[in-house]
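Asks: Quick one: the structure is below, and I'll ask about it shortly.
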């Protein structure tokens with residue numbers, strides 16, 4: 001204790017026992033990437049089966065397990081932890097804090113994730129197979145008709161929720177309590193702002209998810225009837241509780257991505273972010289609205305007309321603050337001295353494709369129209385435009401943007417740009433045709449389909465293989481950078497970058513800001 | 521920001537490497553894995569649960585021991601003067617947001633209760649737009665709360681049920697609602713309410729005593745609070761015994777039994793947690809001489825938690841027992 005002016009410990013114990021926000025951030029990032037590969041492998045199985053109509057590779061039961069695990073692993077294992085890793089690395093450096101507010105709990109939040117996913121993945125080898133009821137695990141598919149492995153699924157969700165809650169409490173305490181003198185709320189980098197609001201959403205809705213899976217557990221094992229009409233309950237109750245969690249969850253995934261984009265676009269436009277204040281208010285407005293729109297996922301399940309109307313109009317309202325954000329990013333670039341390094345390319349890809357995903361979301365928000373789109377491939381296309389082109393693209397941008405600061409080495413720009421273009425093209429080949437097959441009536445979550453969808457599905461599958469392969473290039477580029485990238489010691493990797501993280505040495509020392517900087 | 525705060529920043533205590541997180545992980549994962557295995561053995565397996573119980577208890581013991589060590593270390597660090605005012609604020613924020621997450625957990629169950637009572641019941645009984653299927657599915661079901669007859673019983677049991685479900689749902693003979701109590705003074709929930717509400721006052725008196733530097737007053741009133749907590753748990757156990765043994769009210773009693781036992785059960789579990797926390801603070805004060813008028817976060821956090829379970833009870837009393 002006492003002496004903080006030393007580097008990391010040697011060996012495995014550094015990672016197991018660490019209390020350092022940078023070590024923990026690194027572990028989160030590597031863990032989420034490995035989950036991204038695992039979830040991607042599941043996606044490849046799905047696309048391989050859908051390459052042609054008819055049953056070729058897997059049986060329908062296994063196909064269902066693949067769609068379920070793909071969703072769960074990507075949402076809870078890849079995207080969420082990747083942004084938590086980014087928060088760990090960047091928030092203390094961005095606000096001038098020595099570390100996260102509660103460092104030991106920080107380590108615990110991380111370490112319960114890998115075994116929880118190990119349990120979840122091990123359900124594949126259990127009798128009766130892995131969970132097969134979709135990542136939304138609607139009752140009674142997930143109760144009356146569930147495989148026995150559902151119990152392990154429930155407990156791993158509990159553990160993931162615990163990890164998220166503790167991680168979020170840590171972020172809230174850090175942001176509220178650890179800002180350097182002079183770092184007022186309205187001076188915080190937008191990434192910190194979006195994470196503060198995201199953390200609030202997590203603390204608010206993860207317990208609700210815990211409640212939902214607890215009710216499932218009781219229904220399955222202890223004879224309660226929450227989701228059973230025969231006992232006076234209702235399966236639709238599950239959907240309400242799930243989506244009360246699930247809708248804020250999609251903003252939990254996208255808000256940190258907004259933050260990343262709001263850091264990167266000004267850097268490469270060499271202009272301050274346009275409309276900083278309105279960005280903060282828009283983020284808060286989106287977070288508030290996310291609590292009152294959940295039933296737009298359930299238009300076709302049976303709801304009073306007044307409910308349909310309320311949720312429709314409330315959902316459309318979200319387009320307003322989201323539009324504010326998109327226009328602010330575009331206006332930031334307007335007349336900027338722009339350059340197009342890899343992080344900027346990913347952000348512009350984000351901007352274009354996320355906007356498409358936003359517009360299809362607006363289409364889906366229209367209740368009478370949704371009766372047609374519901375549970376079709378149109379929905380699949382919509383949420384992959386916001387999840388992949390939104391969250392994953394911005395995550396790639398973030399890695400390229402901050403990697404030189406993290407490891408003191410520059411990535412290969414050509415390879416980075418190649419990664420972007422292959423991703424961009426592969427992504428669009430995969431998901432753009434899904435809009436068409438969806439509108440034409442192809443339902444989601446099926447292993448076989450009618451012949452008229454064959455061409456577009458083959459296209460989709462080829463695109464998916466291209467997109468998947470481009471991530472191997474990403475992995476190679478990152479490892480090559482860490483191992484043998486061109487060393488750089490410039491504190492400010494990017495000419496136009498602003499913020500405290502660019503004032504510390506490169507690579508960032510093990511401990512930064514042990515005495516806080518004075519922020520003007 | 522003042523210059524004063526910048527000296528506080530310099531002392532922010534970042535602990536060194538620690539085995540606590542990994543040990544807590546091992547305990548937590550083993551206990552959850554064990555619990556899942558026990559349940560699967562009972563429901564889907566041959567009922568042999570010995571091995572699974574072993575994993576569960578080992579995990580739980582390991583977890584509890586780690587948490588004990590963790591809190592002990594945090595207390596020692598504070599006594600050693602490592603905790604700056606800023607770090608204490610981190611603890612305050614952590615506790616506040618933890619309680620907020622607990623509020624949201626209860627909200628899920630209250631939400632389920634409201635949804636079932638205001639929408640599902642009428643729909644199942646054929647009222648309104650959602651009730652059009654009543655004559656096909658649950659002919660003869662009448663909506664009442666508490667629900668004396670489940671839809672399953674209304675159609676004559678599982679055999680006559682047009683849709684599949686798990687298990688049989690048999691209604692109770694008597695509910696816990698005020699309307700069915702023999703006499704107001706024989707109605708247990710009322711006494712439970714009195715006990716728990718008074719304990720919120722006693723813990724506040726203890727806090728006032730501590731702020732005045734009167735440790736004797738603090739110890740006595742905190743001890744009374746813990747005793748009231750124990751009395752509440754005992755009364756709640758008695759209520760459950762009554763429900764199962766005399767009222768025929770169980771977890772299987774349809775949605776009334778489900779919501780009743782899950783809401784009061786989770787509340788009771790939280791009371792036990794809060795009581796344990798307060799008991800530990802009492803032992804710390806009586807045996808270890810901890811806490812001064814301006815340094816007693818362990819107690820303060822536990823008392824917030826206690827007030828929180830108290831407020832939850834007020835809502836329970838209103839929506840589960842009275843209305």
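Residue numbers (my numbering), protein chains in the order written: chain A, 1 to 520; chain B, 521 to 843.
Here a beta-carbon is modelled for each residue, glycine too, at the ideal position from N, C-alpha and C.
So if I threshold CB-CB distances at 7 Å, which residues from the segment 540-559 of chain B count as touching chain A?
Replies: 540, 541, 542, 544, 545, 548, 549, 552, 553, 555, 556, 559
Asks: If I follow the unbroken alpha helix (DSSP H) through residue 239 of chain A, where does it start and stop?
Replies: 235-269
Asks: Grab the span of the alpha helix (DSSP H) containing residue 47 of chain A for me, first residue to last.
Replies: 21-49
Asks: Short of 7 Å Cβ to Cβ, which residues in the segment 95-108 of chain A face chain B?
Replies: Under the 7 Å Cβ criterion, the segment 95-108 of chain A contributes 98, 99, 101, 102, 103, 104, 107, 108.
Asks: Quick one: which chain B residues come within Cβ less than 7 Å of residue 177 of chain A?
Replies: 606, 609, 610, 613
Asks: Between the segment 206-224 of chain A and the segment 181-196 of chain A, are three or more C-beta pairs nearer than 8 Å?
Replies: Fewer than three pairs of CB atoms, one per stretch, sit closer than 8 Å, so the segment 206-224 of chain A makes no contact with the segment 181-196 of chain A.
Asks: Are the CB atoms of residue 96 of chain A and residue 383 of chain A nearer to each other than 8 Å?
Replies: no
Asks: Thinking C-alpha only, which one of B:670, B:668, B:656, B:695 is nearest residue 682 of chain B?
Replies: B:656
Asks: Using a Cβ-Cβ cut-off of less than 9 Å, list which residues of the segment 731-759 of chain B approach chain A; keep chain order.
Replies: none
Asks: Determine the burial state of residue 304 of chain A: buried for a count of at least 16 other Cβ atoms within 10 Å of its Cβ, exposed for fewer.
Replies: exposed
Asks: Taking the straight line between their C-alpha atoms, what separation do you get for residue 127 of chain A and residue 149 of chain A?
Replies: 8 Å
Asks: Quick one: is residue 461 of chain A near chain B, going by C-beta distance under 8 Å?
Replies: no
Asks: Using 8 Å as the limit for Cβ to Cβ distance, is residue 852 of chain B near chain A?
Replies: A query on residue 852 of chain B cannot be resolved here, the shown segment of chain B reaching from 521 to 843 and no further.
Asks: From what residue to what residue does the alpha helix (DSSP H) around residue 680 of chain B run?
Replies: Counting along the chain, residue 680 of chain B falls outside any alpha helix (DSSP H), and DSSP gives it neither H nor E.
Asks: Please confirm whether residue 650 of chain B has its beta-carbon closer than 8 Å to some beta-carbon of chain A.
Replies: Yes, its Cβ sits closer than 8 Å to a Cβ of chain A.
Asks: Just checking, does the segment 432-452 of chain A make contact with the segment 370-378 of chain A on the three C-beta pairs under 8 Å criterion?
Replies: yes
Asks: Report back the beta-carbon spacing between residue 521 of chain A and residue 40 of chain A to the nearest angstrom; my notes put them in contact at under 8 Å.
Replies: Residue 521 of chain A lies beyond the residue range present for chain A, which begins at 1 and ends at 520; the question has no answer from this structure.
Asks: Which stretch, first to last residue, makes up the alpha helix (DSSP H) that contains residue 762 of chain B?
Replies: 735-762
Asks: Let me check one thing: in DSSP terms, what residues is residue 503 of chain A bridge-paired to?
Replies: For residue 503 of chain A, which the question treats as bridged, DSSP gives no partner whatsoever.
Asks: Out of A:75, A:52, A:138, which one is the CA nearest neighbour of residue 386 of chain A?
Replies: A:75
Asks: For the ligand SAH, I want to know if residue 649 of chain B counts as a neighbour, meaning its beta carbon is within less than 7 Å of at least one of the ligand's heavy atoms.
Replies: This structure does not include the ligand SAH; it has no bound ligands of any sort.
Asks: Return the bridge partner residues of residue 713 of chain B from the DSSP annotation.
Replies: Partner(s): none; residue 713 of chain B has no beta bridge.
Asks: Quick one: what does DSSP say residue 835 of chain B is sitting in, helix, strand or coil?
Replies: helix
Asks: At 7 Å on the CB atoms, spell out the chain B contacts of residue 111 of chain A, in chain order.
Replies: 541, 542, 545
Asks: When the cut-off is 8 Å and only beta carbons count, does residue 525 of chain B lie next to chain A?
Replies: Caution applies to residue 525 of chain B, whose pLDDT of 45 falls short of 50 and renders its modelled position unreliable; the model cannot decide the point.
Asks: Can you give me, in chain order, the residues of the segment 769-790 of chain B that have a beta carbon less than 9 Å from any beta carbon in chain A?
Replies: 770, 771, 772, 773, 774, 775, 776, 777, 778, 779, 781, 782, 786
Asks: Determine the extent of the alpha helix (DSSP H) in which residue 124 of chain A is found, giving its start and end residues.
Replies: Careful: residue 124 of chain A lies outside any alpha helix (DSSP H) and carries neither H nor E.
Asks: With H, G and I counted as helix, E and B as strand and the rest as coil, what does DSSP make of residue 841 of chain B?
Replies: helix
Asks: Taking all protein chains shown into account, decide if residue 238 of chain A is buried (16 or more other Cβ within 10 angstroms of its Cβ) or exposed.
Replies: buried
Asks: Output needed for residue 493 of chain A: all residues of its chain with C-beta closer than 7 Å, excluding positions within five of it in sequence on either side, in chain order.
Replies: 404, 405, 506
Asks: Between which two residues does the alpha helix (DSSP H) containing residue 620 of chain B stretch?
Replies: 605-635
Asks: Against chain A, does residue 563 of chain B count as a neighbour if the rule is that its beta carbon must be under 8 Å from one of theirs?
Replies: Chain A, which has a Cβ nearer than 8 Å to the Cβ of residue 563 of chain B, makes this yes.
Asks: Using a 10 Å radius around the Cβ and a threshold of 16 neighbouring Cβ atoms, would you call residue 527 of chain A buried or exposed?
Replies: As displayed, chain A neither begins before 1 nor continues past 520, which places residue 527 of chain A out of reach and without an answer.
Asks: Please list, in chain order, the chain A residues whose beta carbon lies closer than 7 Å to that of residue 670 of chain B.
Replies: Simply 230, 231, 232.
Asks: Identify which residue in A:256, A:151, A:334 has its Cα closest to the Cα of residue 552 of chain B.
Replies: Here the closest residue by C-alpha is A:151.
Asks: Going by DSSP in three states, residue 316 of chain A sits in which element: helix, strand or coil?
Replies: helix
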